[in-house]
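With my numbering applied, the sequence shown covers 456 to 617.
Beta carbons are placed, not taken as given, at the ideal position from N, Cα and C, and that holds for glycine.
The block underneath contains the structure these notes are about, expressed in structure tokens.
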Amino acid sequence: MAEEKKKAVSGGGNKLMLIVIALLVILIAAVGGLGTYMFLHQPAGAEAQAAPEKKRPDGPPVFEKMEPFVVNLAGGDALLQVELQAQLYDAEAKQPLVQYMPKIRSGLILLLSSKSAEELSTADGKVRLKAQVKKIMNEAIGQPGPEPVETVLFTSFIIQQQ
């Protein structure tokens, strides 16, 4: 009889131990999940609090005219002469644009000279080119916050076959 009591007590202890271990595993998983959630979502909130979004200025848009570009197009059978203006986020964006102009012009010359006359003859080709020009300008400036160049406008676009 004494042996049966020992088995009953030790068997109950094993069940209790398994329940405690299971609860500990669930508790650790819950704490780990909560910690991961807080860690991954914390920086977005901190950035939003640290740097309030810059308000768009009222008034007319700000434009910066660039010197004309004349490049040989890919294939060597055509020339492209293009004049463009950058519409800027605000007047403060003009200074960095002017400061980075050599880097911007170099990037744009490489881009323009890589295009073919056929590619640029369509409206779709010109729209894609505008997006690529804008990207090069904003990457060259590399300013945090809103992109300094909002859009690019072609004021002259001439493809001359040779």
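Asked                                                                              : Found
Coarse secondary structure for E522, derived from DSSP in three states             : coil
Nearest-angstrom Cβ-Cβ length linking T610 and Q536, presumed shorter than 8 Å     : About 11 Å; that fails the 8 Å criterion.
DSSP-derived helix/strand/coil call for T577                                       : coil
Contact under 7 Å by Cβ, P603 with I596                                            : yes
Beta-carbon separation (whole angstroms), S568 vs L528, contact threshold 8 Å      : 7 Å
Nearest-angstrom beta carbon gap, Q615 and L534 [assumed within contact, 8 Å]      : 5 Å
Distance between E574 and M556 (C-alpha atoms, nearest Å)                          : 26 Å
Extent of the continuous beta strand (DSSP E) run through S611                     : 604-616
Rounded separation between R522 and E538 - CA only                                 : A small fix is needed here, since residue 522 is Glu in this sequence, not Arg. Those two C-alpha atoms are separated by around 7 Å.
Q542 and E605 closer than 7 Å at C-beta                                            : yes
Burial state of L471, where buried means 16 or more other Cβ atoms lie within 10 Å : exposed
V526 and I564 closer than 7 Å at C-beta                                            : yes
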